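Just below is one structure, and these are the notes that go with it.
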DNA sequence: CTTAATTTTTAGTCTAGCCTAAAAATTAAT
DNA sequence: ATTAATTTTTAGGCTAGACTAAAAATTAAG
Ligand SMILES: [Mn+2]
Ligand SMILES: [Mn+2]
Ligand SMILES: [Mn+2]
Ligand SMILES: [Mn+2]
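Chains as they are written, first to last, in full-length UniProt numbering: chain G, 1 to 217; chain C, 1 to 217.
If you want it as structure tokens, here you go:
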């Protein structure tokens, strides 16, 4: 159907276009580690295939067909991540690169059966929602930790940054999805937080607080 | 490491070079549905990478490194086939095309863990042996059915042709791996056989008999 | 409003992998 | 041993997807 390269561009545009009307050429190039000229070429191709709307010098956005396609790729990526963690004992910081390959395998039956085999999971190992075969997914109420106030309590339910280093940091601090979090103190000076992670105290910087999604109790 | 295309050529040469000193350009082209000129190009590339030995106008064979590589691809192919059948309820005639894609996924941990998850299977769904991570595999004693004589008894243990149509034929005749087979009669005229498949009688043509491996009791 | 900085596109190259058509080498047949 | 048929290689082209460098458009600054 679509080449691996096309799929990767679709995915990139999908993730960058968050509310935004158009995603710029440079943004795409930045995320994909390619040059702007390569992006221009591909945007024309995606527009030809009716996967993206491309406005020269302004940027691009996915068409409905493009969004649909993105959702299926993301569905596959996240289902494979669940598989790797649940069935093959990968840790959550090891799955992404392999899922980047597996998400391009073409077989409807494969992904349907994988979904069933995993018990139709709704979230991937990083707390991100898994679209169903129609592209629909559950939106959970969640707040970025750095928006919380002293005394707020909740559970860790998702991450903004899912990089290997951040995931390893969370492991080290015994934070995982579902962990109870309580805001003890906020430090105006450096915007850091004193929190409780399952009853034990921890200091976290603004950068950490900006990347944790909390579901309030 | 190696491109998908290179891997496919390596696999083709491996399967064609069975005892033969050299595999010809045309044989490879035939198996891969490409043209001879494309094969020549690739043979030079494989020779440069020390994966094949290439003798112009004569043909090619894999080097030890090439054989090692082929074994790993075949290992992955067959493990994925087992996964699809055992865990995702694919039938044995549905797995090959998906495995052709999955065999190119690059991750040592993935394949090690998959192997473990499947309980270190020794055979794939078509009775073919699964190489271990060193490229070693069990060679089973087996005889082509068309070599058997009246009265011989055994079990179906493998197939030469594993095409979808042949597999569906076997399903229809209730033959699967492990099925008991007995030679009742051999017809000189058309080289056909009367056999018993788990006690029930069946007529099979020479073409069928030439593609079934039997392990004698 | 004009100039400067930035972004984006165009033009031209490159490589991998494929192809066709022609040339060369090998093998088979007189 | 020639000649004919077959196989294989070479030569040249094509496409996808990347790149660099230059040109053009947009945006920001003065
Ligand atoms: Mn991921
Ligand atoms: Mn994820
Ligand atoms: Mn197969
Ligand atoms: Mn098989």
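Idealized CB from N, CA, C, for every residue including glycine. Note that the structure is predicted; figures quoted are calculated from it, not measured.
Nearest-angstrom Cα separation, counted from residue j out to residue i
{"i": "residue 161 of chain C", "j": "residue 107 of chain G", "result": "23 Å"}
{"i": "residue 66 of chain C", "j": "residue 48 of chain C", "result": "12 Å"}
{"i": "residue 113 of chain C", "j": "residue 88 of chain G", "result": "5 Å"}
{"i": "residue 3 of chain G", "j": "residue 127 of chain C", "result": "33 Å"}
{"i": "residue 41 of chain C", "j": "residue 25 of chain C", "result": "10 Å"}
{"i": "residue 54 of chain C", "j": "residue 39 of chain C", "result": "11 Å"}
{"i": "residue 228 of chain C", "j": "residue 199 of chain C", "result": "The displayed coordinates of chain C run from 1 to 217. Any statement about residue 228 of chain C would go beyond what the structure contains."}
{"i": "residue 86 of chain C", "j": "residue 72 of chain C", "result": "21 Å"}
{"i": "residue 120 of chain G", "j": "residue 90 of chain C", "result": "18 Å"}
{"i": "residue 18 of chain G", "j": "residue 195 of chain G", "result": "30 Å"}
{"i": "residue 44 of chain C", "j": "residue 64 of chain C", "result": "17 Å"}
{"i": "residue 197 of chain C", "j": "residue 175 of chain C", "result": "7 Å"}
{"i": "residue 201 of chain C", "j": "residue 179 of chain C", "result": "13 Å"}
{"i": "residue 103 of chain C", "j": "residue 205 of chain G", "result": "43 Å"}
{"i": "residue 70 of chain C", "j": "residue 75 of chain G", "result": "32 Å"}
{"i": "residue 167 of chain C", "j": "residue 122 of chain G", "result": "36 Å"}
{"i": "residue 62 of chain C", "j": "residue 23 of chain G", "result": "48 Å"}
{"i": "residue 58 of chain G", "j": "residue 101 of chain G", "result": "31 Å"}
{"i": "residue 109 of chain C", "j": "residue 84 of chain C", "result": "19 Å"}
{"i": "residue 151 of chain G", "j": "residue 52 of chain G", "result": "45 Å"}
{"i": "residue 56 of chain C", "j": "residue 133 of chain C", "result": "33 Å"}
{"i": "residue 220 of chain C", "j": "residue 144 of chain C", "result": "The structure shown does not extend to residue 220 of chain C, since chain C is modelled only from 1 to 217, so the question has no answer here."}
{"i": "residue 177 of chain C", "j": "residue 31 of chain C", "result": "26 Å"}
Local Cβ density within 10 Å of residue i, reported as buried at 16 or more and exposed below that
{"i": "residue 14 of chain C", "result": "buried"}
{"i": "residue 11 of chain G", "result": "buried"}
{"i": "residue 131 of chain C", "result": "buried"}
{"i": "residue 172 of chain C", "result": "exposed"}
{"i": "residue 213 of chain C", "result": "buried"}
{"i": "residue 50 of chain G", "result": "exposed"}
{"i": "residue 140 of chain C", "result": "exposed"}
{"i": "residue 170 of chain G", "result": "buried"}
{"i": "residue 1 of chain G", "result": "exposed"}
{"i": "residue 156 of chain G", "result": "buried"}
{"i": "residue 33 of chain C", "result": "exposed"}
{"i": "residue 97 of chain G", "result": "exposed"}
{"i": "residue 188 of chain G", "result": "exposed"}
{"i": "residue 9 of chain C", "result": "buried"}
Short CB-CB distance (under 8 Å) between residue i and chain C
{"i": "residue 113 of chain G", "result": "yes"}
{"i": "residue 107 of chain G", "result": "yes"}
{"i": "residue 191 of chain G", "result": "no"}
{"i": "residue 98 of chain G", "result": "yes"}
{"i": "residue 110 of chain G", "result": "yes"}
Cβ pair residue i, residue j closer than 8 Å
{"i": "residue 129 of chain C", "j": "residue 138 of chain C", "result": "yes"}
{"i": "residue 79 of chain C", "j": "residue 111 of chain C", "result": "yes"}
{"i": "residue 154 of chain G", "j": "residue 216 of chain G", "result": "yes"}
{"i": "residue 146 of chain C", "j": "residue 210 of chain C", "result": "yes"}
Whole-Å CB distance - residue i paired with residue j, under 8 Å assumed
{"i": "residue 135 of chain G", "j": "residue 68 of chain G", "result": "6 Å"}
{"i": "residue 21 of chain C", "j": "residue 29 of chain C", "result": "Not quite, the Cβ-Cβ distance comes to about 19 Å (not below 8 Å), so this is no contact."}
{"i": "residue 193 of chain G", "j": "residue 185 of chain G", "result": "7 Å"}
{"i": "residue 99 of chain G", "j": "residue 77 of chain G", "result": "5 Å"}
{"i": "residue 27 of chain C", "j": "residue 16 of chain C", "result": "5 Å"}
{"i": "residue 118 of chain C", "j": "residue 82 of chain C", "result": "5 Å"}
{"i": "residue 93 of chain C", "j": "residue 164 of chain C", "result": "5 Å"}
Within-8 Å CB hit, residue i to chain G
{"i": "residue 118 of chain C", "result": "no"}
{"i": "residue 11 of chain C", "result": "no"}
{"i": "residue 88 of chain C", "result": "yes"}
{"i": "residue 102 of chain C", "result": "yes"}
Residue i beta carbon near ligand 5 (any heavy atom closer than 7 Å)
{"i": "residue 128 of chain G", "result": "For ligand 5, the structure offers nothing, since it holds only ligand 1, ligand 2, ligand 3 and ligand 4."}
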